[in-house]
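Numbering (the working numbering), first residue to last: 119 to 446.
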Ligand code: SAM
Ligand code: DTB
Ligand code: SF4
């Protein structure tokens, strides 16, 4: 059932099926390939904020927009490892460090990120980074430092990309994804809905992801957080059925991937989030902030887990270590 030769027609048929049928089908796939009721808990930290040279129309961290986000240079090692410890104590298993960079450069800041990766790894968390575009050598260096996954989103379809970003191409993004894969890192790649794209654009994005030789191990589905000062200021919030459609289709096309209900959760009720979990989402970001925008607070998420009977998923890292111990 894991296939990577999906046609656009096949995806269209799934995506446009009646929403309750779609949820049911997503839930069936979820049950078959994933532990239902288990949700991966990830924490984000913006280690370098704002002042970015890119023009991504959705992003509060682009230097060219006046969004009120204060630019901060790269955080120091102790602070980052401290935040990782807090995340672990709060029940998180994955820690993702984000930097508002166009691409990684071989300079002392990258050396410092490499140390952070080592430090967070030593805390016992799965380490993820999202630092912009990467060369194969840089991906390799991150891997050697103990990085587990790299996040690099395609955001939308190739056709719609130019409407949203002009300072890089879709091809640039795909090249980084290949470099990440070649280094043996786990690929985290998804998109954003609510950027003014059509259903066709969403279907094409899913098609690009689901026809990769290897499906991404995680697929974040973000709802646009419309930020004042960006070109996408004042855009309507996407409705929950659109999130559900995207999540269920991703689950059906890529049954083994972790499908992450990412940005947009702060505006969603428990009931709406429950629909997303039912449709096949099994990962979230917790903690009061995403990178620069608010996220549900710790207590609200705790209550939601309790109410819906959800359990935090054990980390891959812990699973692997356990297996090794049994073998040894
Ligand atoms: N600069 C790096 C890059 O662009 O790859 C890493 C950080 S960037 C902020 C990570 C991702 O956050 C983007 O690719 C985009 O998918 C998501 N993102 C940024 N702003 C967003 C917003 N306002 N709403 C939803 N998702 C957003
Ligand atoms: C992803 O797909 N979503 C996260 C993470 N990967 C890096 C980022 C969401 C950012 C939302 C806007 C902000 O908080 O700045
Ligand atoms: Fe920069 Fe990343 Fe924001 Fe684009 S999404 S402006 S590359 S931080």
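Each residue gets a CB set at the ideal place from its N, CA and C atoms; glycine is no exception.
Pop quiz: residue i and residue j are said to be a contact at Cβ under 8 Å. What is the actual Cβ separation, rounded to whole angstroms?
i	j	result
residue 272	residue 323	6 Å
residue 401	residue 157	6 Å
residue 308	residue 357	Rounded, the Cβ-Cβ distance is 19 Å, inconsistent with contact.
residue 374	residue 151	6 Å
residue 267	residue 380	Actually they do not touch by this definition, with Cβ atoms about 14 Å apart.
residue 136	residue 348	That belief does not hold up - the Cβ atoms of residue 136 and residue 348 are roughly 35 Å apart, past 8 Å.
residue 399	residue 378	7 Å
residue 216	residue 409	5 Å
residue 251	residue 224	In fact, because the Cβ distance is near 13 Å, the residues do not count as touching under 8 Å.
residue 263	residue 300	Not quite, the Cβ-Cβ distance comes to about 16 Å (not below 8 Å), so this is no contact.
residue 159	residue 210	5 Å
residue 173	residue 311	That belief does not hold up - the Cβ atoms of residue 173 and residue 311 are roughly 20 Å apart, past 8 Å.
residue 120	residue 367	That belief does not hold up - the Cβ atoms of residue 120 and residue 367 are roughly 15 Å apart, past 8 Å.
residue 342	residue 353	6 Å
residue 153	residue 169	Their Cβ separation, rounded to whole angstroms, is 41 Å, which puts residue 153 and residue 169 out of contact at 8 Å.
Taking C-alpha atoms, which residue in the options lies nearest to residue i?
i	options	result
residue 269	316, 218, 315, 233	218
residue 243	137, 198, 191	198
residue 425	141, 120, 139, 155	155
residue 166	249, 397, 238	249
residue 365	327, 419, 414	327
residue 362	393, 338, 342	393
residue 67	128, 134, 443, 240	Because the chain in this structure spans residues 119 to 446, residue 67 falls outside the shown range and cannot be described.
residue 395	409, 226, 420, 141	141
residue 334	304, 310, 215, 354	304
residue 298	282, 329, 246	246
residue 388	408, 415, 285	415
residue 423	391, 313, 443	391
residue 419	427, 404, 412, 411	404
residue 122	332, 441, 172, 286	332
residue 233	253, 437, 193	193
residue 213	265, 230, 312	265
residue 255	163, 169, 293	293
residue 397	360, 406, 411	360
residue 222	171, 176, 185	171
residue 386	412, 350, 436, 231	412
residue 183	367, 427, 441, 350	350
residue 175	134, 281, 329, 367	281
residue 355	313, 369, 231	313
residue 163	128, 139, 231	231
residue 407	161, 138, 417	161
Any heavy atom of the ligand SAM closer than 7 Å to the beta-carbon of residue i?
i	result
residue 282	no
residue 271	yes
residue 249	yes
residue 310	yes
residue 381	yes
Under the criterion of a Cβ to heavy atom distance below 7 Å, does residue i qualify as lining the ligand FMN?
i	result
residue 343	What this structure holds is the ligand SAM, the ligand DTB and the ligand SF4, not the ligand FMN.
If you measure from the CB of residue i, is any heavy atom of the ligand DTB nearer than 7 Å?
i	result
residue 411	yes
residue 216	yes
residue 408	yes
residue 338	yes
residue 327	no
residue 428	no
residue 393	no
residue 162	yes
For residue i, decide whether its Cβ has a neighbour in chain C, counting only Cβ atoms nearer than 8 Å.
i	result
residue 120	Included in the structure is just one protein chain, with no chain C present.
> Where the beta carbon is closer than 5 Å to any heavy atom of the ligand SF4, which residues qualify, in chain order?
Replying inline: 170, 172, 174, 177, 179, 180, 218
> Does the stretch 188-208 come close enough to the stretch 430-446 to have 3 or more Cβ pairs within less than 8 Å?
Replying inline: no
> Are at least three pairs of beta-carbons, each pair with one atom in the stretch 136-147 and one in the stretch 252-265, less than 8 Å apart?
Replying inline: no
> Are at least three pairs of beta-carbons, each pair with one atom in the stretch 365-374 and one in the stretch 200-211, less than 8 Å apart?
Replying inline: no
> Between the stretch 301-318 and the stretch 276-291, do three or more beta carbon pairs fall short of 8 Å?
Replying inline: yes
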